[in-house]
Structures are given as C-alpha cells and as structure tokens.
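Asks:
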Amino acid sequence: MEDYADYFKEIDLQLESGNGYFYFSRIGEGKQSVEQKLDSFSKWLDYLDFLKCYNQSFTAGYQFRKSHLIEQISLDIELKEKAGHLFKKYGVGSYLEIVNKLLQEMLGMGFAECISEQDETYKITSAFRYAEELVNMIQIANEDEIPE
Amino acid sequence: MEILAHFRTIEELTKTLSREQGLLSEMFEKRKLMKFPLGLALELVGGNETRLRRLVDYGVLVETGNTIEIESDYLNFFEEVLNVNEEISVLSVQECINTLKEYIGYFLQETNTNRKAGYQDSVRQLLKKTGFRTLKNVVDLKRNMDNAYKQEPNYIIKKKKLQNLDEKSHSIRSMIRECEKLMDTEHAFFLMANDPHMAKTCSDVKHDFVEAYHALMEIDRQIIVYINQIEQQNQLYKKIRKLKYLQDQLLIKTDTNLLQVLENCNPLWMESRQYSRIRLSLDMLMENDQIVAILRRIAERNGLKKTARTEAEPLTDEDLQEHTQRLKEVDPAEVWNAFSASSYNLFDFILRYDYKAKRDIEDHAALFCQLVILHPDECRMTGKYATYQDIEYPIIYAK
Numbered sequence: 001m002e003d004y005a006d007y008f009k010e011i012d013l014q015l016e017s018g019n020g021y022f023y024f025s026r027i028g029e030g031k032q033s034v035e036q037k038l039d040s041f042s043k044w045l046d047y048l049d050f051l052k053c054y055n056q057s058f059t060a061g062y063q064f065r066k067s068h069l070i071e072q073i074s075l076d077i078e079l080k081e082k083a084g085h086l087f088k089k090y091g092v093g094s095y096l097e098i099v100n101k102l103l104q105e106m107l108g109m110g111f112a113e114c115i116s117e118q119d120e121t122y123k124i125t126s127a128f129r130y131a132e133e134l135v136n137m138i139q140i141a142n143e144d145e146i147p148e
Numbered sequence: 001m002e003i004l005a006h007f008r009t010i011e012e013l014t015k016t017l018s019r020e021q022g023l024l025s026e027m028f029e030k031r032k033l034m035k036f037p038l039g040l041a042l043e044l045v046g047g048n049e050t051r052l053r054r055l056v057d058y059g060v061l062v063e064t065g066n067t068i069e070i071e072s073d074y075l076n077f078f079e080e081v082l083n084v085n086e087e088i089s090v091l092s093v094q095e096c097i098n099t100l101k102e103y104i105g106y107f108l109q110e111t112n113t114n115r116k117a118g119y120q121d122s123v124r125q126l127l128k129k130t131g132f133r134t135l136k137n138v139v140d141l142k143r144n145m146d147n148a149y150k151q152e153p154n155y156i157i158k159k160k161k162l163q164n165l166d167e168k169s170h171s172i173r174s175m176i177r178e179c180e181k182l183m184d185t186e187h188a189f190f191l192m193a194n195d196p197h198m199a200k201t202c203s204d205v206k207h208d209f210v211e212a213y214h215a216l217m218e219i220d221r222q223i224i225v226y227i228n229q230i231e232q233q234n235q236l237y238k239k240i241r242k243l244k245y246l247q248d249q250l251l252i253k254t255d256t257n258l259l260q261v262l263e264n265c266n267p268l269w270m271e272s273r274q275y276s277r278i279r280l281s282l283d284m285l286m287e288n289d290q291i292v293a294i295l296r297r298i299a300e301r302n303g304l305k306k307t308a309r310t311e312a313e314p315l316t317d318e319d320l321q322e323h324t325q326r327l328k329e330v331d332p333a334e335v336w337n338a339f340s341a342s343s344y345n346l347f348d349f350i351l352r353y354d355y356k357a358k359r360d361i362e363d364h365a366a367l368f369c370q371l372v373i374l375h376p377d378e379c380r381m382t383g384k385y386a387t388y389q390d391i392e393y394p395i396i397y398a399k
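Keeping their order, the protein sequence lines are chains A and B.
Numbered per the numbering used here, the first sequence finishes at 148, counting up by one with no gaps.
Numbered per the numbering used here, the second sequence finishes at 399, counting up by one with no gaps.
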C-alpha cells in the first residue's frame with residue numbers, strides 16, 4: 001500500500017483508502033474549480049437519490065437486476081419522475097437508455113460490478129460507501145426542516 | 001356438534017398413523033406452502049374415502065371446505081418431535097418452570113416414599129425439558145434473526161421484527177435467570193433428592209443454560225448491530241433526500257457546508273477526464289484492414305456514426321476505364337521546326353498545319369505572333385503584306 005502511494009506521489013496523486021476502497025486525489029491545489037466539483041457532486045446526488053428511492057437498502061452488497069430496475073421505474077411514479085430528470089441534458093430518452101447510462105457511470109466509478117452478464121445482475125461494491133461517506137460529511141444548517 | 005371418536009390405545013394410534021403415513025408426510029411437508037386440496041388427499045389414500053373419513057372422525061385431520069389440514073394438536077406434536085418448530089415460544093418454557101415449581105411443592109409435602117419418588121422423576125424430566133427448550137429457543141432465535149435481517153425486504157417490518165426478537169431474547173434471559181434461581185434457592189430439595197440421575201440432569205441443565213446465555217449475548221450484539229445498520233441506512237436515506245430537496249430549491253450552497261467540504265478534497269474523479277490523442281500512421285491504416293475494423297467497433301460502441309461521411313464511394317467500373325482528353329495547346333517549337341523546313345510563308349503554314357484539334361482564326365493569329373516573338377532572328381521579313389479574311393499580315397519566310 002505504501003509502495004503504491006509512493007509510486008503515485010511521483011505524478012502528484014495521493015492514493016487514499018477508505019472502508020474497503022481506494023481512490024486518488026490530487027496533492028495540493030486541485031485543477032478543478034469549486035463549481036466543477038459542485039457539478040460532479042450534484043450529479044451523483046441525483047444518482048444517489050434515485051437509487052435510494054429504488055430501494056432504501058441500496059448500499060454495499062446490494063444486488064439487483066437491470067431488468068428489475070427498469071421494471072420498477074415504470075411501476076413507481078416517483079422513480080419515474082426522478083429517472084426522467086437524470087440524464088436530461090444528454091437527451092437520453094427511454095428508461096433502458098437511462099438505466100444503461102446510470103450503470104455505465106456506476107461501473108466507471110467502480111461502485112458496481114456486473115456479476116452475471118447473462119441476466120445482467122449487478123452488485124454494489126464497497127466503494128459505494130465512498131459516496132455515502134461524502135454525503136455524511138455534509139452538514140445541513142436547518143436540520144429540522146422536513147422536505148416534502 | 002359431532003362427537004369425535006378417540007384412539008383408545010397407543011397401538012391403535014400408531015397403527016392408524018402408520019397406515020396413512022404417505023398422506024400425512026405429504027401434508028406435513030406442504031404445511032407451509034398451501035392448503036391441501038381434498039381431491040389430492042383422496043388420491044394419496046388410494047381413493048378410499050372411508051380411510052380419509054376415519055382420519056377426520058378421529059380428529060387427526062380437519063376439513064375446511066374443499067381443503068383439509070392436519071389438526072393443530074397433531075401438527076404441534078409432529079413439529080415438536082421432529083424438532084422443526086420454528087416459533088420461539090417463551091411461554092412453553094415459562095409453563096415448564098411453573099409446573100416445575102408445582103411439582104417441587106408436591107414433592108416437599110409428600111410423605112409416601114413411592115409417590116415422592118414419582119414426583120422426583122417428574123421434576124427431573126421437567127428440568128431436562130426446560131433446558132432443552134431454552135437451548136432450542138435460542139437456536140431458533142438466532143436463525144429467525146438472520147432471516148429477518150437478510151431476507152425481509154420491507155425496511156419497516158425488518159426493523160420491527162428485529163426489535164421483537166430482541167424482546168424475545170430478553171424474556172428468554174429472564175426465564176433462564178428464574179430457573180437458575182429456582183435451582184439455587186431450592187437447594188435444600190436438591191440435597192434431599194441427592195441421587196446421581198438428578199445430579200446429572202442438574203448439571204446438564206446448568207450447562208445448557210450457560211451455553212444459551214453465551215449464545216444470547218452474541219445474538220444481542222448481533223441484533224444491536226443489525227438495528228444500528230438499518231438505522232444508519234435510514235438516516236442516510238433521509239439525508240440524501242434532504243440534500244436533493246435543497247439542491248432542487250437551489251439552497252444547497254447556502255444551507256450546507258458543501259462548498260467547504262468540496263474545497264478540502266480534491267478527488268480525481270471530479271476532474272474532467274483528459275483525452276490524449278493518438279494519431280495512427282496512415283500507411284498502417286491503408287494496409288491493415290484489421291485496424292479499420294477495430295476503429296469501426298470503437299466508434300460503434302461510443303455511438304459515433306459520422307465516420308462514413310469522409311469516406312468516398314468505391315470506384316465504379318466506368319471510373320476504372322481509360323479516358324483521354326485532348327488539350328488545345330500546340331507546341332510552338334514543334335510548329336517552328338516544321339515551318340523552317342518548309343517553303344511556305346509563316347501565315348500560310350500556320351493555316352495549313354495539322355493541329356489534331358480544331359482552331360479558329362484568333363488562335364492562328366496568336367500562334368503567328370508567338371512564333372515571330374520567339375524566333376525574331378530566324379525570320380526573313382519580305383516587307384510585303386497580304387490579307388486573310390479581315391486580317392492583314394506580313395509575309396515572313398524562314399531564313
């Protein structure tokens with residue numbers, strides 16, 4: 001682990017570890033502006049909100065089928081509405097495309113793994129905790145307000 | 001209400017049960033799956049309705065409309081004996097303890113030795129049963145807890161179930177405590193009934209209790225962990241909803257410390273990805289079809305469809321045939337050489353020369369001037385002029 005950290009230090013990357021996952025962060029000043037970070041975060045907040053709406057117990061170790069997720073979208077009016085907003089700016093249309101795109105993002109971040117290509121079953125990895133911890137780090141000022 | 005017949009002897013009971021074992025075992029196996037249809041039952045007893053009727057009359061089976069089920073007394077009996085009962089009944093243990101107390105009371109007051117020995121046996125059996133029941137309850141508790149946590153899809157029910165199991169574990173614990181107290185405080189009685197069987201049973205039961213206690217501690221811990229996990233997930237869920245709400249209201253920057261959090265970390269994934277272009281060698285692209293196929297596949301996967309636009313259609317047969325196009329140009333040097341070998345004057349020569357293409361009078365005039373300018377020293381001016389159509393020209397010969 002330390003060997004790797006030293007190795008990546010050479011290219012200004014810090015290898016960081018969390019509970020069951022690793023990630024890189026940049027040493028010193030980041031290249032991106034706060035707005036950029038905000039954009040990235042809000043994108044994932046949308047995803048998280050959608051996934052937690054799909055199933056409250058959506059966390060590391062959760063297993064689901066792509067087809068079930070799509071099925072659920074067409075059943076659940078709330079989910080349907082959220083799904084519609086997910087990739088609006090990319091002009092993604094059908095629920096299948098939305099789910100595909102979402103899965104692609106999840107796979108790209110290492111949050112999910114495909115465990116069976118045949119029936120398209122996906123499993124959430126420990127890395128998903130990273131997103132959860134990020135959310136946990138944020139403090140909300142007026143905690144008492146109840147969202148609709 | 002009809003009066004049910006009774007089995008008068010154990011022999012009669014076991015014989016009846018063994019004769020219908022096929023039906024009974026089938027029904028027992030499916031007790032949780034479905035109501036057993038009458039027709040199927042009839043089939044299993046060989047289509048003999050009197051045999052089925054007999055079971056119903058003796059209260060082994062109960063008929064409800066078109067289905068039949070095993071009477072609860074027998075069902076409990078089977079489950080108990082086969083050790084498959086999954087319900088955790090704290091009550092049964094409590095009952096055991098109560099009866100135990102009763103019998104101890106009888107034992108202490110009984111003066112007849114024979115009957116006293118009888119009570120002693122009952123106490124021993126009960127004690128054994130209590131220990132066994134407790135241990136079994138604990139095992140069931142553990143299984144139920146795991147099931148509840150891992151298989152219950154509904155979050156609220158899951159939490160409720162775990163809380164109930166937690167309560168049950170507490171009552172089992174208090175039961176054990178009560179029984180242990182009984183065994184300790186009624187010590188006088190145990191001294192009095194100091195026979196080896198009793199002593200062994202006592203130590204067995206105590207051992208069972210210790211084991212159950214340990215298991216309970218573990219179960220408690222596990223339940224707390226599970227409940228906490230659920231709670232944690234619940235909180236996270238609520239928080240995500242709230243953040244999402246704030247984001248939608250455009251309040252997320254002012255109402256949270258999100259900006260600070262983001263300023264403090266620079267994870268790589270938030271940066272936009274850099275693309276490094278690799279230019280492929282043209283020679284390689286032209287020679288190797290495989291590379292083109294690979295590029296095509298990549299483009300397809302990334303949803304690019306524009307590649308075809310920069311590519312020309314394949315050449316047709318017509319394109320491959322030879323086409324010749326004759327230019328109007330003539331080589332002035334060639335014309336001059338031919339002229340210098342002739343005896344014509346220049347203009348006449350230009351008019352007669354075989355050009356292999358049609359030329360008009362203006363082209364001739366241009367060529368005339370060109371030749372004179374190119375070869376001024378080789379021209380022999382005669383000083384005479386002639387006219388051709390409306391052009392007046394000097395008569396020039398080669399030197």
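Cβ atoms here follow ideal geometry from the backbone N, Cα and C, with glycine treated the same way.
These numbers were taken from a predicted model, which means no experiment stands behind them.
Could I get the ranges of all uninterrupted alpha helix (DSSP H) runs contained in the stretch 81 to 141 of chain A, with 4 residues as the minimum, in chain order?
Replies: Correct list: 95 to 109 and 128 to 137.
Asks: Among B/Pro267, B/Leu295 and B/Met270, which one has its Cα closest to the Cα of B/Arg279?
Replies: Of the listed residues, the one whose Cα sits closest to B/Arg279 is B/Leu295.
Asks: Return the CA-CA distance between A/Glu105 and A/Thr125, expressed in angstroms with no decimal places.
Replies: For A/Glu105 and A/Thr125, the distance between alpha carbons rounds to 14 Å.
Asks: Between which two residues does the beta strand (DSSP E) carrying B/Val45 extend?
Replies: Here B/Val45 belongs to no beta strand (DSSP E), and DSSP marks it neither H nor E.
Asks: If you drop the 5 nearest sequence neighbours on each side, which residues of the same chain put their C-beta closer than 8 Å to that of B/Ile223?
Replies: Only Met145, Leu162, Leu165, Asp166 and Ser169 meet the Cβ criterion.
Asks: Please check the pair A/Lys137 and B/Val261, which I expect to be a contact at CB under 8 Å, by giving their CB distance rounded to whole angstroms.
Replies: A small correction: the amino acid at residue 137 of chain A is Met; Lys does not occupy that position in the sequence shown. About 5 Å separates the two Cβ atoms, so the contact holds.
Asks: Quick one: using the 10 Å Cβ neighbour count with 16 as the cut-off for buried, is B/Glu186 buried or exposed?
Replies: Buried.
Asks: Shortest alpha-carbon distance to B/Phe28 belongs to which of B/Leu61, B/Asp57, B/Thr254 and B/Thr9?
Replies: Of the candidates B/Leu61, B/Asp57, B/Thr254 and B/Thr9, the one whose C-alpha sits nearest the C-alpha of B/Phe28 is B/Leu61.
Asks: Can you pull the chain A residues whose beta carbon is under 8 Å from the beta carbon of B/Tyr237, in chain order?
Replies: Ordered by position in chain A, the residues that pass the 8 Å Cβ test against B/Tyr237 are Lys52 and Gln56.
Asks: Looking at C-alpha atoms only, which residue of B/Lys242, B/Asn266 and B/Glu263 is the closest neighbour of B/Asp255?
Replies: Comparing Cα-Cα distances from B/Asp255 to each of B/Lys242, B/Asn266 and B/Glu263, the minimum goes to B/Lys242.
Asks: So the alpha helix (DSSP H) B/Arg359 belongs to, where does it begin and stop?
Replies: Counting along the chain, B/Arg359 falls outside any alpha helix (DSSP H), and DSSP gives it neither H nor E.
Asks: Does any C-beta atom of chain B lie closer than 8 Å to the C-beta of A/Ser126?
Replies: Answer no: the Cβ-Cβ gap between A/Ser126 and chain B never drops below 8 Å.
Asks: Give the DSSP-derived three-state secondary structure of A/Thr59 in the structure shown.
Replies: Coil at A/Thr59, not helix or strand.
Asks: In angstroms, rounded to a whole number, what distance separates the CA positions of A/Asp3 and A/Gln118?
Replies: Their Cα atoms are separated by approximately 38 Å.
Asks: Indicate whether A/Glu120 and A/Lys66 have their beta-carbon atoms separated by less than 8 Å.
Replies: Contact flag set, yes.
Asks: Can you pull the DSSP bridge partners for B/Glu392?
Replies: Paired residue(s): B/Thr387.
Asks: Taking A/Gly18 as part of the beta strand (DSSP E), name the residues at either end of that continuous run.
Replies: Segment Leu13 to Gly18, the beta strand (DSSP E) holding A/Gly18.
Asks: Rounded to whole angstroms, what's the CA-CA distance from B/Leu250 to A/Leu86? Just pull it up for me.
Replies: About 17 Å.
Asks: Quick one: residues in its chain with C-beta nearer than 8 Å to the C-beta of B/His375, no 5 flanking neighbours on either side, listed in chain order?
Replies: Closer than 8 Å at the Cβ level, and outside the excluded window around B/His375, lie Trp336.
Asks: Counting only beta-carbon separations shorter than 8 Å, does A/Glu132 have a partner in chain B?
Replies: At least one chain B Cβ lies under 8 Å of A/Glu132.
Asks: Starting from B/Glu69, follow its DSSP beta bridges and name the residues at the other end.
Replies: Per DSSP, B/Val62.
Asks: Under a CB-based cut-off of 8 Å, is B/Ile240 close to chain A?
Replies: Yes, B/Ile240 counts as interfacial toward chain A.
Asks: Rounded to whole angstroms, what is the Cα-Cα separation between B/Met183 and B/Lys206?
Replies: Roughly 9 Å separates the two Cα atoms.
Asks: So what does B/Met381 bridge to, in DSSP terms?
Replies: B/Ile396, per the DSSP bridge assignment.
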